[in-house]
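Sequence lines, in order, name chains A and B. As numbered in full-length UniProt numbering, residues 1 to 767 make up the first sequence, in order. As numbered in full-length UniProt numbering, residues 1 to 304 make up the second sequence, in order. All residues carry an ideal CB built from backbone N, CA and C; glycine is no exception. Below is one structure, written out as structure tokens, with a few remarks after it.
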Amino acid sequence: MTGTTSVLGQRFVRRDGPEKVTGEARYTADLAFTGLLHAKFVYAGRAHARIVAIDTTEAARMPGVHAVLTQADAPLVRYGMFVKDRTLFAHEVVRFEAEIVAAVAADTPERAAAAAAAVRVEYEDLPAVLDVDAALSPAAPVLHPDWLDYRTQDGVLRAPNDCGHMTSVKGDVDAGFAEAELQLTETYCSDMAHAVPIEPHAVVAQWQGEKVTIWTTSQVPFPARAGVAETLQIPQSNVRIVVPHLGGGFGGKCDFHFEAHVALLARATRRPVRLVFSRREEFLATDKVRHAARIELTTGVKRDGTITARRARLLLDSGAYCGDALFATEIGLMMVAGPYRVPNLYAEVHTVYTNRTPAGSVRAPGGPQTCWAVEQHTDELARLVGLDPLEFRRRNLVRAGDTGQTGQRFVSSSAQRCLDRAAELAGWPGTDLAEGEALGVAVGWWFSLSVPSGAYLKLNPDGTGTIITGAQENGSGSVMGLALLAAEELGMRPEAFSILYQDTDAGPFDIGSAGSQTTFNNGRAVMEAAREVREKLLALAAERLEIHQRDLELVDGSVRVKGAPTRSIPLAEIAAGAQLIGSGSGTPPPLPEHDLTGCGGRLGYSAFAAPSFFCHIARVRVDRETGVVSVPEVVAVHEFGRVLNPLGAQGQVEGGVIQSVGMALLEGSQYDGGHQLNPGLLGYKLVTAPDAPTVTVDFLDDAVDQGGPHGAKAVGEPPVVGTPAAIGNAIAAATGTRVRALPMNAERVWTALHRPSAGAVTAGGEA
Amino acid sequence: MSRYFAPGNAAEAAELLRTTPGARVVAGGTDLVVAARGGKHPLPEVLVALHRVPELARVRETEAGIILGALTTHTWVERSGLVRSRWSALADAAAMIGSPATRSTGTIGGNLMNASPAMDLGSPLLVLDATVELRRTGGTRALTVAELLAGPGRTTAAPDELLSSVRIPAPVPGTGSAYIRLEHRRAMEIAIVGAAAALRFDSRGEIVAARLALTAAAPVCLRVPAAEAGLLGRRLDAEALAAAGRAAVAAVRPISDVRASADYRRAMTAVVVARALTLAARRAAAGSSVPGPDHPPTATGSVQ
Ligand SMILES: Cc1cc2nc3c(=O)[nH]c(=O)nc-3n(C[C@H](O)[C@H](O)[C@H](O)COP(=O)(O)OP(=O)(O)OC[C@H]3O[C@@H](n4cnc5c(N)ncnc54)[C@H](O)[C@@H]3O)c2cc1C
Chain A
1 MTGTTSVLGQ RFVRRDGPEK VTGEARYTAD LAFTGLLHAK FVYAGRAHAR
51 IVAIDTTEAA RMPGVHAVLT QADAPLVRYG MFVKDRTLFA HEVVRFEAEI
101 VAAVAADTPE RAAAAAAAVR VEYEDLPAVL DVDAALSPAA PVLHPDWLDY
151 RTQDGVLRAP NDCGHMTSVK GDVDAGFAEA ELQLTETYCS DMAHAVPIEP
201 HAVVAQWQGE KVTIWTTSQV PFPARAGVAE TLQIPQSNVR IVVPHLGGGF
251 GGKCDFHFEA HVALLARATR RPVRLVFSRR EEFLATDKVR HAARIELTTG
301 VKRDGTITAR RARLLLDSGA YCGDALFATE IGLMMVAGPY RVPNLYAEVH
351 TVYTNRTPAG SVRAPGGPQT CWAVEQHTDE LARLVGLDPL EFRRRNLVRA
401 GDTGQTGQRF VSSSAQRCLD RAAELAGWPG TDLAEGEALG VAVGWWFSLS
451 VPSGAYLKLN PDGTGTIITG AQENGSGSVM GLALLAAEEL GMRPEAFSIL
501 YQDTDAGPFD IGSAGSQTTF NNGRAVMEAA REVREKLLAL AAERLEIHQR
551 DLELVDGSVR VKGAPTRSIP LAEIAAGAQL IGSGSGTPPP LPEHDLTGCG
601 GRLGYSAFAA PSFFCHIARV RVDRETGVVS VPEVVAVHEF GRVLNPLGAQ
651 GQVEGGVIQS VGMALLEGSQ YDGGHQLNPG LLGYKLVTAP DAPTVTVDFL
701 DDAVDQGGPH GAKAVGEPPV VGTPAAIGNA IAAATGTRVR ALPMNAERVW
751 TALHRPSAGA VTAGGEA
Chain B
1 MSRYFAPGNA AEAAELLRTT PGARVVAGGT DLVVAARGGK HPLPEVLVAL
51 HRVPELARVR ETEAGIILGA LTTHTWVERS GLVRSRWSAL ADAAAMIGSP
101 ATRSTGTIGG NLMNASPAMD LGSPLLVLDA TVELRRTGGT RALTVAELLA
151 GPGRTTAAPD ELLSSVRIPA PVPGTGSAYI RLEHRRAMEI AIVGAAAALR
201 FDSRGEIVAA RLALTAAAPV CLRVPAAEAG LLGRRLDAEA LAAAGRAAVA
251 AVRPISDVRA SADYRRAMTA VVVARALTLA ARRAAAGSSV PGPDHPPTAT
301 GSVQ
């Protein structure tokens, strides 16, 4: 640290805030272009079928129509992050209702829609597979008959209708169960849920010569660029991706997808072309939903509550394609032991193809569902041995020195500390509870993603600075917060920095706003770039002041002599006469040592770098007659290493908790065969402001060496992981019955209370 | 291409409806435009907008009751001290519709004429014995709300008829009314089921007048005469509530959809009926009304 007062841990108002709240911020769909055409996709409208014929002649002849394209107009390239199982447009077969069969560009959105409706497609329907269990049966139709020919990332293990399976093995599970005095088997199921950013997907593409610029609502500009280059078979240097302000993503805008379709339309018409999704398309076609999951858990315990063994099986509904789903697969797998000492474990997870909307990385992929199931199970285990849920957890939670499910050794006991602090804040087991109210607790852990990133930093002649970064700002404020880290290195104010971001021709490679990684990795890159500038500044100043560098410090926008504050030079004076440019990439910390003996199919999330811990306690109120649940309060205690920007971290926790109240109680897609029944905000309900709980947030500091900047850990995703679990346990405590399906909507709560025989399977008792 | 008219008086509006085939009225547009954008119904060929017709926005209070112009907004109803004290069930309903923006834009005429089985004003107007005035070139006619509502999205009004006003008679002193809807979140919600009740008691605490109507439980909002008759001459005890609930459940024809199963809706019918009757009775006893706007709108009227 350089300055006398640190800017870290101080209240910091993000720079993009005012323009967003005043409506001046420009988003992708707001951009104006001369000669703009409008894109519209033609969707399959059926779950599974062979394409017999596509006739675009009538559509192409309609007024104002400039292009109608199908897979015949695109290179036949199969792409996919883990498994190359899909083409831009449907190739011979459609595998879910919103598979793109054709794309139209026309001079108005209405004409584009009319032409899209006029594309004639003849189909021969194929039997649809709509259920994960059915998909894994040997008799099931194979949804990708050529699956063996698909290329995959190294290490992916597959089977027919299973695009990625993995195992996690520790100790001797049979011996562990033999040691158990009691055991419990339960199954939990969660519905498909959506990211639902306010801003729908939008893409504009415009060519000049061989180069295309694409403005898009992507959370991952560099992977999007790679996807366009791969599918259109052009060099990455011919593709520039620019993301204007992004109106939220929540993972739903991860991965590459629609950019190439729009680029193709723009190339065919030599005009700029814009695609803007309707809310209905947001639900059906973005193919980036939170996996529906079926989670089977069997745990053996001793009568004193010690867990001796666990078996777990997770089935994730991947929908028609694999996408970026195998993140969710492995992270879900890493949640099955929870932050508990489970000495003997056998867990397997399958990523199952069905004829539904493809799933992928929605905020904390694989997290909330698995944490919910594991934490309901934990409360049931506590009940089985007659312990208070808190006491049962205390006896089993990991502490420093314990090993995780793949043998990684924990260096902190903050799982315990979070529990104790949350219990204190919530007044466990509950004080002043009203009629129908109860508390429920959930604990969990999450990872920090350690990957390469990069940034440049320069000082301007007036003494301000500019950060040029490859990182992407999805709304969480993490890119805005980079100014804090630069300011800290250079003794400047964070407000003195402008930031050029989310333009692939400007900043160095970054994987995008995914995996809560921006501050963790790009922050380190920015600090390294700032240090290079600092070295240059100090060298120049030392020369001018004729003093040794080590006697200088950077404070309040100037270089000054330590102990002689009057002997100083403003940064502007130095910057006006010299090039002060730095670059940085940081050094990603390695994964902790761990042991994968006996494990299969693992892809890199086999241990957690700089793991963080949390405990959420929810207070719920249940109306027993109707099953309606409200959540007056959630206490959320997180250990994020070191909190750099308290206002930003608090916002992430409050928002995450409120978002996951929706996941807990309201949000879920319903299906009729291969068709979503509620693809809109009328039938798919998010929480509204009046439903939002009071969120009591507290942070426990535990800065780590192998962490991000100044010992920080990942912040963006963990806040959504624990709340559904805490709410579920509170509902069970309030009603004396458990809802084993997510969302735990009013009808399900009511059914559990009044029609208990309709509930899901559970078996517990003597081992 | 749609054509659009914004007439300055009701006669002109009625004449446009008579002479222009395919013409439809638009008031706040919160049903019509939203349905068009959602792909449910295309926008009508010809739109006759009513917002420049001041006579349709007029509210008249008389000895006999109140006459609300068709353009009266939910916000007006929700904020009116008079409506809250005399026609509490209607104020309950108006206060829960959509969001503040929906309530300031949506109108009572639009709510009725859209004829959704889940419309929140339907059951309150049924238990308050409201009538509507339909106007066409050359004359007007009055219908009860029950006569107006024909089925989901259907009314008995002719295509050239305009709903000009809603007339609600003054309640007999001592009457209490309430509307309860089952909702799964606290704003921007559609009734899963709802019930409106109006009750009056004699000095011995026995019911001398009873009205009960249900929302979202059948193709139209409907009264439940069997439940009403069963309440007369009794105190509103647990048994009476249960009997009214049973009669209501016998009268409903709920559907299963994304919001709820028919089984759940049937069970919930008895719950909202009991709660609406209980609140109406409490108001009848206290001579009290819906609390003012400083109270959260869903606190009294909804089940949450
Ligand atoms: C976000 C949102 C939330 C909502 N929440 C609720 C809710 O909680 N409860 C509820 O009941 N409704 C709700 N609605 C529906 C709607 O707002 C109400 O029904 C509203 O009262 C409709 O009035 P309007 O003036 O907007 O009708 P419009 O959309 O203008 O018209 C609706 C229909 O009535 C016809 N019409 C309108 N006025 C007349 C007239 N004077 N004469 C003849 N025909 C006429 C129109 O032709 C059209 O067919 C909601 C709507 C939205 C968008």
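Buried or exposed by the 16-neighbour rule on C-beta atoms within 10 Å, applied to residue i
i                     : result
I467 (chain A)        : buried
Y4 (chain B)          : exposed
G40 (chain B)         : A small fix is needed here, since residue 40 (chain B) is Lys in this sequence, not Gly. Result: exposed.
residue 770 (chain A) : Outside the modelled stretch of chain A, which goes from 1 to 767, sits residue 770 (chain A), for which no answer is possible.
I574 (chain A)        : buried
K562 (chain A)        : exposed
Q208 (chain A)        : exposed
H261 (chain A)        : buried
V7 (chain A)          : buried
N745 (chain A)        : buried
Strand pairing of residue i, partner residues [DSSP]
i              : result
A309 (chain A) : A:G300
Q502 (chain A) : Note: Q502 (chain A) sits in no beta bridge, so no partner.
C189 (chain A) : A:R294, A:A741
Y43 (chain A)  : A:I100
F201 (chain B) : B:I207
H91 (chain A)  : A:V93
Local conformation of residue i per DSSP, three classes
i              : result
F497 (chain A) : strand
F613 (chain A) : strand
M1 (chain A)   : Any reading at M1 (chain A) needs caution, since the residue's pLDDT is 41, under 50, leaving its predicted position unreliable; the model's value is listed next. Here M1 (chain A) sits in coil by DSSP.
W428 (chain A) : coil
H74 (chain B)  : helix
C163 (chain A) : strand
I241 (chain A) : strand
R151 (chain A) : coil
S660 (chain A) : helix
R50 (chain A)  : strand
A725 (chain A) : helix
Minimum Cβ-Cβ distance from residue i to chain B less than 8 Å
i              : result
A746 (chain A) : yes
D107 (chain A) : no
K685 (chain A) : yes
V628 (chain A) : yes
E97 (chain A)  : no
V749 (chain A) : no
E181 (chain A) : no
P690 (chain A) : yes
Minimum Cβ-Cβ distance from residue i to chain A less than 8 Å
i              : result
S261 (chain B) : yes
V249 (chain B) : no
G106 (chain B) : no
Y4 (chain B)   : no
L236 (chain B) : no
R186 (chain B) : yes
V271 (chain B) : yes
Meets three-Cβ-pair contact criterion under 8 Å: the segment 157–164 of chain A and the segment 131–145 of chain A:
The segment 157–164 of chain A makes contact with the segment 131–145 of chain A: 3 or more CB pairs, one atom from each, lie closer than 8 Å.
Inter-stretch contact at 8 Å, needing at least 3 Cβ pairs: the segment 744–751 of chain A / the segment 385–397 of chain A:
No, the segment 744–751 of chain A is not in contact with the segment 385–397 of chain A.
Is it a yes or a no for the segment 641–657 of chain A touching the segment 51–71 of chain A, going by three-plus beta-carbon pairs under 8 Å?
Output reads no: the segment 51–71 of chain A does not touch the segment 641–657 of chain A.
Touching or not, the segment 470–484 of chain A and the segment 497–514 of chain A, by the rule of three or more beta carbon pairs under 8 Å?
With the cut-off at 8 Å, the segment 470–484 of chain A and the segment 497–514 of chain A touch.
Can you find at least 3 beta carbon pairs, one from the segment 26–39 of chain A and one from the segment 279–286 of chain A, that sit closer than 8 Å?
Judged by Cβ distances under 8 Å, the segment 26–39 of chain A makes no contact with the segment 279–286 of chain A, as fewer than three pairs qualify.
With a cut-off of 8 Å, do at least 3 Cβ pairs link the segment 74–82 of chain B to the segment 162–180 of chain B?
No, they do not touch.
Using 8 Å as the cut-off, can you tell me whether the segment 351–368 of chain A makes contact with the segment 414–429 of chain A, which would need three or more C-beta pairs spanning the two stretches below that distance?
Touching, no.
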